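Using this note's numbering, the letters of the sequence shown correspond one by one to residues 70 to 219. This report concerns only the one structure given below.
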Amino acid sequence: MKLSTKGRYGLRALIDLALYSENETVSIQSIARRQNISDSYLEQLMRKLRSAGLIVSVRGAQGGYKLARPANEISVGDVLRALEGSLEAVTCGGEDNSCQGADLCVTKFVWERINSSIRDTVDSIKLSQLVEESRLMREKGQIQVQKCDN
């Protein structure tokens with residue numbers, strides 16, 4: 070499984086939003102500048118995140134975005150599913166009976182374990198943990214503007 074830029078950039082944007090929206094809304098332009106993401110691409114990602122109920126938008130002169138719920142209630146899995154869709158590494162037809170050999174397929178147990186591990190991992194990491202990690206790295210001077218595309 071490989072995540073697209075939607076998932077990677079969207080998660081970075083949400084961490085940034087969580088860092089800077091504690092007391093006020095945050096504009097797309099400020100997130101885009103800090104994260105080195107184009108405004109137009111970020112707008113697309115923010116629409117998906119808003120549709121998923123992870124962020125809310127505020128209109129007006131002091132408008133912008135903020136988290137829809139506390140960062141400790143938003144998992145990495147929530148963000149990635151909103152932007153990427155299914156996170157399954159392999160879609161095994163055994164569960165919906167679309168695979169004719171499901172009853173005899175030994176490899177389905179491998180795919181189920183892989184998919185379960187991915188789900189467990191991304192659902193166990195909360196946005197608040199990433200925000201705290203980001204703060205610690207900033208204090209140590211290890212973060213400036215994130216430009217990693219991996």
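Just so it is clear, CB atoms sit at the ideal spot from N, CA and C, and this is done for glycine as well. If you're wondering where the values come from, they're calculated on a predicted model, not measured in any experiment.
Alpha helix (DSSP H) segments (min. 4 residues) lying fully within the segment 97-136: 97-104, 108-120
Nearest-angstrom Cα separation, counted from Ser107 out to Leu205: Numbered from 1 along the sequence shown, position 136 holds the residue referred to as residue 205. Numbered from 1 along the sequence shown, position 38 holds the residue referred to as residue 107. Their backbone Cα atoms lie some 26 Å apart in a straight line.
When Val159, Glu112, Ala121 are compared against Asp147, the one with the closest alpha-carbon: For this step, residue 147 is matched to residue 78 along the sequence shown. Among Val159, Glu112, Ala121, the Cα nearest to that of Asp147 belongs to Ala121.
Segment contact flag, the segment 120-140 with the segment 171-186, C-beta cutoff 8 Å, min 3 pairs: no
Gly133 classed as buried or exposed, judged by whether at least 16 other C-beta atoms fall within 10 angstroms: For the purposes of this step, residue 133 is taken as the residue at position 64 of the sequence shown. Buried, by the Cβ-count rule.
8 Å Cβ cutoff met for Gln131 and Thr160: Sequence index remark: in the sequence shown, residue 131 carries index 62 (1-based). Sequence index remark: in the sequence shown, residue 160 carries index 91 (1-based). No, Cβ-Cβ distance for Gln131 and Thr160 is not below 8 Å.
CB-CB length for Val200 against Ile84, believed under 8 Å: On the sequence shown, position 131 is the one that residue 200 refers to. On the sequence shown, position 15 is the one that residue 84 refers to. The Cβ separation is near 6 Å, so the contact holds.
DSSP three-state assignment for Val95, whether helix, strand or coil: Within the sequence shown, residue 95 is the residue found at index 26, counting from 1. Note: Val95 maps to strand in three-state DSSP.
Start and end residues, alpha helix (DSSP H) containing Thr190: Taking the sequence shown and counting its residues from 1, the one referred to as residue 190 is at position 121. Per DSSP, Thr190 belongs to the alpha helix (DSSP H) from 177-193.
Per DSSP, cross-strand counterpart(s) of Ser144: Here residue 144 refers to the residue found at position 75 when the sequence shown is read from its first residue. Beta-bridge pairing links Ser144 to Lys195.
Cβ-based burial, Arg81 [other Cβ within 10 Å; buried from 16]: In the sequence shown, residue 81 corresponds to position 12, counting from 1. Buried, by the Cβ-count rule.
Helix, strand or coil at Leu83 [DSSP, three-state]: Taking the sequence shown and counting its residues from 1, one reaches residue 83 at position 14. Helix at Leu83.
For Glu142, the nearest candidate out of Tyr78, Arg188, Ser193 (CA to CA): Here residue 142 is taken as the residue at index 73 of the sequence shown, counted from 1. Nearest of Tyr78, Arg188, Ser193 to Glu142, Cα basis: Ser193.
Burial state of Gly210 (16 or more Cβ within 10 Å): Residue 210 sits at position 141 when you count from the first residue of the sequence shown. So Gly210 ends up on the exposed side.
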